[in-house]
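Protein chains: 2
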Amino acid sequence: MRCEVVAVGTELLLGQIIDTNSSWIGAKLAEAGIDSMFQTKVGDNAERIASTLRTALERADAVVVCGGLGPTQDDITRDVIAGVMGVELVRDPTLEERIRDLFESRGRTMPLNNLRQADLPVGAYPMAQMPGTAPGLVCPIGDPDDPHGKVIYAVPGVPYEMQAMVEGTVVPDLMRRAGESFAIRSRTLRTWGQSESGLAEMLGPYHDELEASGRCTLAWLASGMEGLKLRLTAKAPTAAEADEVLAAETAFLEGVLGDLVFSTDDRSMEAVVLDLCRERGLTLATAESVTGGLIASRLTNIGGASDVFRGSVVSYASEVKFDVLGVPVGPVISEEAAVAMAEGACRVLGADVSVAVTGVGGPTEQEGQPVGTVWMATCVDGEGAALPVRLPGDRERVRQFATISVLNLLRQRLGAR
Amino acid sequence: MRCEVVAVGTELLLGQIIDTNSSWIGAKLAEAGIDSMFQTKVGDNAERIASTLRTALERADAVVVCGGLGPTQDDITRDVIAGVMGVELVRDPTLEERIRDLFESRGRTMPLNNLRQADLPVGAYPMAQMPGTAPGLVCPIGDPDDPHGKVIYAVPGVPYEMQAMVEGTVVPDLMRRAGESFAIRSRTLRTWGQSESGLAEMLGPYHDELEASGRCTLAWLASGMEGLKLRLTAKAPTAAEADEVLAAETAFLEGVLGDLVFSTDDRSMEAVVLDLCRERGLTLATAESVTGGLIASRLTNIGGASDVFRGSVVSYASEVKFDVLGVPVGPVISEEAAVAMAEGACRVLGADVSVAVTGVGGPTEQEGQPVGTVWMATCVDGEGAALPVRLPGDRERVRQFATISVLNLLRQRLGAR
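Order-wise, the sequence lines are chains A and B. First residue of the first sequence: 1, per this note's numbering; consecutive thereafter. First residue of the second sequence: 1001, per this note's numbering; consecutive thereafter.
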């Protein structure tokens, strides 16, 4: 089964918007074992959209076309598909009502233009998912009863609308057409503390065995401050069976990787640490120099952080370390300074536990120490403990790696897992 | 003049990497007045790359193909282009030497595979720019002396290598072929304090007049925490003349928009505020509640912030506001709290000036006030002053808008411009 992706929008060609939708759809198709050989961007031009769709239909069994389903005159995907199908557009009364209701429920007046969104090519039908006002369309080409017939799926360009439709309708429908009656489920483990190549070495034989077995696939992706992600994808006759396979492989990976795994449900490190503190009834604070507020910013980006997180002292200037956090006057990129910062954060901010970071972010060295030198510390039960680390990369990467590393240190010290 | 973009790489189709290169190239082509009607992603497959190039050459005058120029067996773009040109690949001794020298200068042994990168289709020539080991190729199709002949440009997928080649060779060569002998220069002004539609209204007549005059184009783009960007692009016989046009239009826009413009050289708000403080010999601190360290994190992401920025108190818990910053016990989403936070930041962190933010980031209301309610304050000469604002969007957007808005408030209070 082959499915091409066509993204519609002049703004995509002009580089005003980056086409992330096609990549997302490509990943979903790959997960379902559907090949996507070509993906095309085309502007808001009827003739060119039509020729792109025709070429795609010649090469593939199906096409997902993304964008151009809005209510304005620029939104011509519906019309073009009707042309390619060789049929008329007709207004669908059920859709019309659905759109009217949507506006009413939001207490807004519906611009008349929006009714264009209720127009369907004859023979096409709307997708069940409709998070916005733009319906997604399933458009069979030729005889709709031909099980080997080709099909165009039209979805809006708004990512969350598109995603609901691709997951809810497009992928299941493609799998049905392919005669595949299995379910696909995936699960992301996140790890920290081992490089990509180190992990590849640890998992090499397992990975090969897994691929050969066909019961599951495993891919990994280094994702900066988000950790190193391991993605398991399982196919099975039912979703429950696929979930069982994922649970078994997850347990196996946890056994092999142990404490390197910090979440098995794609949660970020900061979410894991907040949850861990919440479970233990602990409040959390940070003292930051080289990260300059990045740790606090990541923690507070999570809704509900306030029941755990007390605050942070960003002690960028040395005097702030001395005066506010009580760091002994002396070198500030040192074990002593890191420990005093962590202990000071607990004391000053009234927190049970804390993390602290001091180091050299660059562009130049500091206190005779090279860029990437970082002391990380934690404080638990009033007692600080520090660890040095040498981080690779530029300022941005040093700050990101320091953030996830020091949070990981606290997670380990609290004896998670 | 029409130029298509072809991005090569199976990982692009699988969604493992997002194709940002095509968007970047599309923007550069648009800037030069070159139309890009189609952009295609294709996997590492010789037959499919060849058919994509042939189709693109039928529809357009030129093709930029991006990726597949590395040293491995997967990198087949060179071979495919030779096939499309109907010529052989031959090793170029000058290129071979250049690649050998590059490895030598880095003190590394050259894998023999890398010499594949010295292979050129007969009739093609390498681009002058070569920041990595992959040469970019200019590949005339048919008679190379035909001024109306078509051409394939091959550039590597590594963004900074690709960008140097597109700017240095591809765009100038396309303009030469189009018989255009002008230079193109652009300049980005950033604004804050007016919505996209408000700005469109203010600039509408000017925009139309400018477009009609042909001396310059103007595009705007809302960019969250980066501000609202106005991009001027001028074409003129020489770079100096284009720069003159840009300077004149920039001055005009500054006159119309006044204090809304915070930078005319694409600098971020935090860079502008740091520079302003540096000029005035002022040190800076922040006190953050709803932004939770985001302001400090943005400031310290800039190298050299340490000579201005003292630090921040992230007072997420109310007690930290009371105990550390000296905020009077009472409602914390209030004018009084914001002013006390700003004054407290200067006092506690030993800074000359400060910004402070307290508000409701969501997901739920707080102190009976709705999500998006924010009090922003500044402190200059020991004196705090606050302003309320109601920000749109979710938690992430409220935090971002609060960050740029409060920094803008300090910029205005310091009487910038």
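Backbone N, C-alpha and C define an ideal beta-carbon position, used for all residues, glycine too.
| task | Would you be able to state if there are at least three C-beta pairs under 8 Å between the stretch 311-324 of chain A and the stretch 235-246 of chain A? | result | Contact between the stretch 235-246 of chain A and the stretch 311-324 of chain A is absent: fewer than 3 CB-CB pairs across the two stretches fall below 8 Å.
| field | Under 7 Å by beta carbon: chain B residues contacting A:Y316 | value | Within chain B, the C-beta atoms nearer than 7 Å to that of A:Y316 come from T1300, S1306, F1309, R1310 and G1311, in chain order.
| Through-space distance from A:V273 to A:V406, alpha-carbon basis | When rounded, the distance between both Cα atoms is 11 Å.
| task | Using a cut-off of 7 Å between C-beta atoms, extract the partners of B:W1024 located in chain A. | result | Within 7 Å Cβ-Cβ: G15.
| Are the CB atoms of A:T133 and A:I81 nearer to each other than 8 Å? | No; because the gap between Cβ atoms is not below 8 Å, this pair is not in contact.
| request: Less than 8 Å between the CB atoms is what I'm expecting for A:L89 and A:D119, so what's the real figure, rounded? | output: About 4 Å separates the Cβ atoms of A:L89 and A:D119, confirming a contact at the 8 Å cut-off.
| query | In the DSSP assignment, what residue or residues form a beta bridge with A:W375? | reply | Bridge partners of A:W375: A:T358 and A:P388.
| request: Over the uninterrupted alpha helix (DSSP H) stretch that includes B:G1083, give me the two end residues. | output: T1077 to M1085 is the span of the alpha helix (DSSP H), which, as asked, contains B:G1083.
| said: Please confirm whether A:G368 has its beta-carbon closer than 8 Å to some beta-carbon of chain B. | reply: At a cut-off of 8 Å between C-beta atoms, A:G368 does not count as an interface residue with respect to chain B.
| Taking contact to mean at least 3 C-beta pairs separated by less than 8 Å, is the stretch 38-57 of chain A in contact with the stretch 1031-1043 of chain B? | The stretch 38-57 of chain A, when compared against the stretch 1031-1043 of chain B, does touch it at the 8 Å Cβ threshold.
| Proximity to B:K1235 [Cα-Cα], best of B:A1271, B:L1115 and B:S1213 | Answer by Cα proximity: B:S1213.
| When the cut-off is 8 Å and only beta carbons count, does B:F980 lie next to chain A? | Because chain B is modelled from 1001 through 1417, residue 980 of chain B falls outside the range shown and cannot be assessed.
| said: Taking the alpha carbon of B:V1324 as the reference point, which residue from B:I1333, B:F1309 and B:A1342 has its own alpha carbon closest? | reply: For the residues B:I1333, B:F1309 and B:A1342, the minimum Cα distance to B:V1324 belongs to B:A1342.
| request: Report the partner residues of B:L1189 according to the DSSP bridge assignment. | output: Bridge partners of B:L1189 according to DSSP: B:L1230.
| said: Only counting the same chain, and skipping five residues up and downstream in sequence, which positions put a Cβ closer than 8 Å to that of B:F1103? | reply: If the five residues before and after B:F1103 are omitted, its C-beta is found closer than 8 Å to the C-beta atoms of T1109, M1110, N1114 and T1133, all from its own chain and listed in chain order.
| query | Excluding five sequence neighbours on each side, which residues of the same chain lie with their C-beta closer than 6 Å to the C-beta of B:S1223? | reply | Here the set comprises K1229.
| Counted within 10 angstroms of its Cβ, other Cβ atoms place A:L153 as buried (16 or more) or exposed | The sequence shown places Tyr at residue 153 of chain A, not Leu. Answer is buried; the Cβ neighbour count reaches 16.
| Minimum Cβ-Cβ distance from A:S334 to chain B less than 8 Å | Chain B contact via Cβ: absent.
| field | Exposed unless 16 or more other CB atoms sit within 10 angstroms - verdict on A:G67 | value | Classified as buried, A:G67 has 16 or more neighbouring CB atoms from the shown chains inside 10 Å of its CB.
| task | Anything in chain B within Cβ reach of A:R48, meaning under 8 Å, just list it in chain order. | result | By Cβ distance, chain B contributes M1037 and F1038.
| task | Kindly indicate which residue of B:N1408, B:P1388 and B:V1355 has the alpha-carbon position closest to the one of B:G1382. | result | The shortest CA-to-CA distance from B:G1382 to any of B:N1408, B:P1388 and B:V1355 is the one to B:V1355.
| said: With three or more beta-carbon pairs closer than 8 Å as the criterion, would you say the stretch 197-214 of chain A touches the stretch 161-177 of chain A? | reply: Segments in contact, no.
| Same chain, Cβ closer than 6 Å to B:A1124, five either side skipped, listed in chain order | Cβ within range, chain order: L1137 and C1139.
| Considering only residues of the same chain and omitting the five flanking positions on each side of B:R1266, which have a CB-CB separation below 7 Å? | Reading off the sequence, residue 1266 of chain B comes out as Asp, not Arg. Within the same chain, B:D1266 has close Cβ partners T1188 and R1190.
| message | Cutting at 7 Å between CB atoms, please list the residues of its own chain near A:N408, excluding the five before and the five after it. | response | Excluding positions up to five away in sequence, the list reads W192, G193, F262 and M269.
| Looking at the C-beta of B:I1141, does it have a partner C-beta in chain A at a distance below 8 Å? | With its beta carbon at least 8 Å from every one in chain A, B:I1141 lies outside the interface.
| Which of the three DSSP states, helix, strand or coil, is assigned to B:C1139? | The answer is strand: DSSP assigns B:C1139 an E or B state.
| Residue from B:Y1206, B:R1185, B:S1289 and B:P1121 with nearest C-alpha to B:G1255 | For B:G1255, the nearest C-alpha among the options comes from B:Y1206.
| According to the Cβ coordinates, are B:V1308 and B:T1358 closer than 8 Å? | Result no, Cβ atoms of B:V1308 and B:T1358 do not sit closer than 8 Å.
| request: Assuming A:V353 contacts A:L410 (C-beta within less than 8 Å), just tell me the rounded distance between them. | output: Confirmed, Cβ separation roughly 6 Å.
| Own chain partners of B:A1030 with C-beta closer than 8 Å, once the 5 adjacent residues on each side are dropped | A distance below 8 Å between beta-carbons, with the five flanking residues on each side excluded, links B:A1030 to the following residues of its chain, in chain order: S1036.
| Are the C-beta of B:E1396 and some C-beta of chain A separated by less than 8 Å? | Judged by the 8 Å Cβ criterion, B:E1396 is in contact with chain A.
| message | Quick check: the Cα distance between B:Q1400 and B:V1348, rounded to an integer number of angstroms? | response | The alpha-carbon atoms of B:Q1400 and B:V1348 are separated by roughly 25 Å.
| field | Buried versus exposed, by CB contacts within 10 Å (16 or more), A:G9 | value | Around the C-beta of A:G9, 16 or more other C-beta atoms lie within 10 Å, and the residue is accordingly described as buried.
| field | Three-way DSSP call (helix, strand, coil) for B:Q1369 in this model | value | Here B:Q1369 sits in strand by DSSP.
| field | Terminal residues of the beta strand (DSSP E) in which A:G311 lies | value | Counted as a single uninterrupted DSSP element, the beta strand (DSSP E) harbouring A:G311 occupies residues F309 to S315.
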